[in-house]
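See structure below.
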Amino acid sequence: MNSKRRVFEAMNHGRPDRVPVMCQLALGHYFLNCDYPPSEIWFDSNTFAKALIDLQQRYRFDGVLVNLPGRPKNWRDFLSSSSKEGDSEILTWPSGLVTAVGPDDNPHTFGPGKTPLERADYKTVDINDPATYRTPGYVWNTWHAPHLWDIDPDADLADPGAYPESFTAALRAARQLGPGISVHAEIFSPFTHLLEFFGYEQALFALIDEPRTCHALLEVFTAFARAQVELYGRCDPDAILVSSAFAGAGFISREMYKEFVAPYEDRLYRAITEQGVKSYVHTCGAIGDRLDLMAETSVNGIDTLDPPPLGTVNLDQAKAEYGKRFFFKGNLDAVNEMLNADDETFDQAVKDRLEIGKPGAGYILSSACSVAPHVRPERLKTLADLAQRFGSHR
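Numbering that gives the first Met the number 0 applies: residue 0 is where the sequence shown begins, and numbers increase by one.
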């Protein structure tokens, strides 16, 4: 059974030959363990796709998540300058924005003089005036700089036709390079857009002070995300992940989740289903108190499932209560069981998840959140071996 089919069977509660393995790697892990400059991995779609497939093959993962949008092939032509500062590459753009690309972390972008990026003000934003919410900070953190690629700032982003062909370039490249594996695309939750738009602290105040404004913006961001679902759906992904990292109990209450997150994400899950592929959601941290609310939506699967102490999900309990409703991906503690643990602790943690997840299929072995940059590659290589030995259905 090839990897593509193995993940398909797991997502559909079929009968894979073994539990599939598919970890999302932090971008810093690619920077440290691939033979490409970090800025090329981050900004060049073909290089990013090669990095995804290189480490997928090295670790024998059954799939990859394409979690960056595509960029134009000539992205360096949009730069004003490029220089070195210690271990970082410093990219300066004509707009005055500066991007620092370090060796083991996501690039960080600043205004001139390393000032924070501009965010919208929830007290003055006008939902009828897009100019008030097309800010550098918001655009950068959701598209990673589309305004630098000569995209019309007044384009209707709810229209798939407003997006350049390069937007899907990384997904198409990964699909071509990995025809026998499961290739997944990623979009942002409308709630994530909202937090990036105002900045996290101000967004949380806005939920309390200006809930009507938040709902109006969530409608706009849902329309944007639906258009991106349609674009990715044309490129033959095996699943589409909705990234909703900030919807756990560490950020918002169960009641706020029900009001500001679930209804808008549900529209995306339905749109993904219309594309004929599986949907799943990535929410970090404490989500044990809202699995039932997730079950009321149309989502097919749940990613991360952080266990204590990072989160509040015990896989055996979640599997018993919701194992027929969802497929699950994750639950390996990315810090205490993968990064900092000794080999015996790591191996036992993997065996435990395989023992719980294997019955009835519906489980993909993975780190709960992203694999940290400095997790040893040798450790990741053992995941497929352990899945073969202890996760086989034969």
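Beta carbons are placed, not taken as given, at the ideal position from N, Cα and C, and that holds for glycine.
Distance from the Cα of I239 is smallest, within the candidate group G390, L170, S369, for L170. If you ignore the 5 residues before and after G179, its C-beta comes within less than 8 Å of the C-beta of N1, S2, K3, all in its own chain and listed in chain order. When rounded, the separation of the alpha-carbon atoms in G177 and D120 is 43 Å. Relative to F197, the option among H183, A270, E117, Y162 whose CA is nearest is E117.
For L156, same chain residues with a beta-carbon under 8 Å away, outside a window of 5 residues either side, are Y162, A222, F223, A226 in chain order. In this structure, L54 places its C-beta atom within 9 Å of the C-beta atom of Y29.
Put simply, of H214, D351, D61, D128 the residue whose alpha carbon is nearest the alpha carbon of V182 is D61.
Comparing alpha-carbon positions, the option among V334, P15, I286, I355 lying closest to K257 turns out to be I286. Using a Cβ distance threshold of 9 Å, R378 and F345 count as a contacting pair. Assigned with DSSP and collapsed to three states, N66 falls in coil, not helix or strand. Of the residues S297, F204, V100, D332, the one whose Cα lies closest to the Cα of L309 is D332. The beta-carbon distance between K328 and Y279, rounded to whole angstroms, is 7 Å. This is short enough to meet the 8 Å contact definition. Taking all protein chains in view, the Cβ of G361 is crowded by 16 or more other Cβ atoms within 10 Å, so the residue is classified as buried.
If you look at Y29, you'll find it in the alpha helix (DSSP H) that goes 26-32. When DSSP states are grouped into helix, strand and coil, F327 belongs to the strand group. Counting the other CB atoms within 10 Å of its CB gives I363 a total of 16 or more, which places it among the buried residues. By a beta-carbon distance limit of 8 Å, A294 contacts R324. Their separation comes to about 5 Å. Comparing alpha carbon positions, the residue from P102, A340, P37, W41 closest to D86 is P102. Relative to the Cα of P93, the nearest Cα in the group D104, L78, E84, P307 belongs to L78.
Of C368, N11, L203, K380, the smallest CA-CA separation from V312 is found for C368. For G198, there is no enclosing alpha helix (DSSP H), as DSSP marks it with neither H nor E.
Shown here, V6 sits in a helix according to DSSP, grouped into three states.
In chain order, I186, I239, L267, A270, I271, Q274 place their CB closer than 8 Å to the CB of V228, counting only its own chain and leaving out the 5 sequence neighbours on each side. Two segments are said to touch when three or more pairs of C-beta atoms, one from each, lie closer than 8 Å; by this definition the segment 2-16 does not touch the segment 29-49.
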